[in-house]
Each structure stands twice: as C-alpha cells, then as structure tokens.
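Residue numbers (the numbering used here): 6 to 135. The beta-carbon is built from N, C-alpha and C at its ideal position, and this holds for glycine as well. Remember, predicted model here, so these are calculated numbers, not experimental data. Step one of this worksheet: look at the structure below.
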C-alpha cells in the first residue's frame, strides 16, 4: 500500500510537479478485497495443484498466519527477539506488542499512531492524526 502511494506521488510529481501527501489504509484495502469475493473454484483448484495450498483469503488468514509464524519461530527462534513497542490500551481490551520499525529515514515520522483495530471499529474515513 505504501509503495503504491509513493509511486503515485512520484508519478504526479513527474507529470504535474509539486509535492504530495499520501494516506494509506490496510483496513480499507482489506475491505475492498472482501468485496471482490472468493476466487472461482477452478482457480482455487489450479492454485492447489500448482503450489500445494490455496491462496489465503479473509476467512483463513488467521490460521495461515499462525501456522507461518509458528514455523518461522521454530526455524529461526531469534526472529522474536527485537525492539518491541506496546500499545497498552486497544479496542481488544488487552495490550498489543509489536516489533518496532527496523529503519528510519531522516526528516520523516516512522511510528504507529494507533493500535490495531477490528473491522468496522472506526468510522469509514481516513483518520487525522496531525
């Protein structure tokens, strides 16, 4: 999402000049994907035959993510050792720990401004943090 926004900004700068401020929303992107619906059955069968697993969709992402993360931790235990941050108050009612950014770019803000939220938690608009 961020890469697409950055490329769009570069395109506009080349074509029209100026600077552009972009906002992205993974939740809105995910909502859009859900609106698209499931792949047709023949496409899913082809993916299973070609790659051994079906393409993840909104109703199995938690299972896929848990399985993938579990495999990573077994293979590379040090992956979970790092510079963590924590949101104490979240819409889920429990603290959420996250891995902080691994790089920084001078002159930019590189931080999480709000904790993760469940679908439909906020208003259907881009939040104004600053």
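Could you give the residue range of the alpha helix (DSSP H) that holds residue i?
| i | result |
| --- | --- |
| residue 15 | 7–21 |
| residue 33 | 31–41 |
Return the first residue and the last residue of the beta strand (DSSP E) that residue i is part of.
| i | result |
| --- | --- |
| residue 102 | 101–104 |
| residue 91 | 89–92 |
Less than 8 Å between the CB atoms is what I'm expecting for residue i and residue j, so what's the real figure, rounded?
| i | j | result |
| --- | --- | --- |
| residue 123 | residue 96 | 6 Å |
| residue 132 | residue 92 | That belief does not hold up - the Cβ atoms of residue 132 and residue 92 are roughly 15 Å apart, past 8 Å. |
| residue 31 | residue 6 | 6 Å |
| residue 17 | residue 25 | 5 Å |
Pair every Cβ in the region 96–112 with every Cβ in the region 75–83, then say whether three or more of these pairs are closer than 8 Å.
Verdict: no, contact absent.
Can at least three beta-carbon pairs, one atom from the region 111–119 and one from the region 9–27, be found at a separation below 8 Å?
The region 111–119 vs the region 9–27: no contact.
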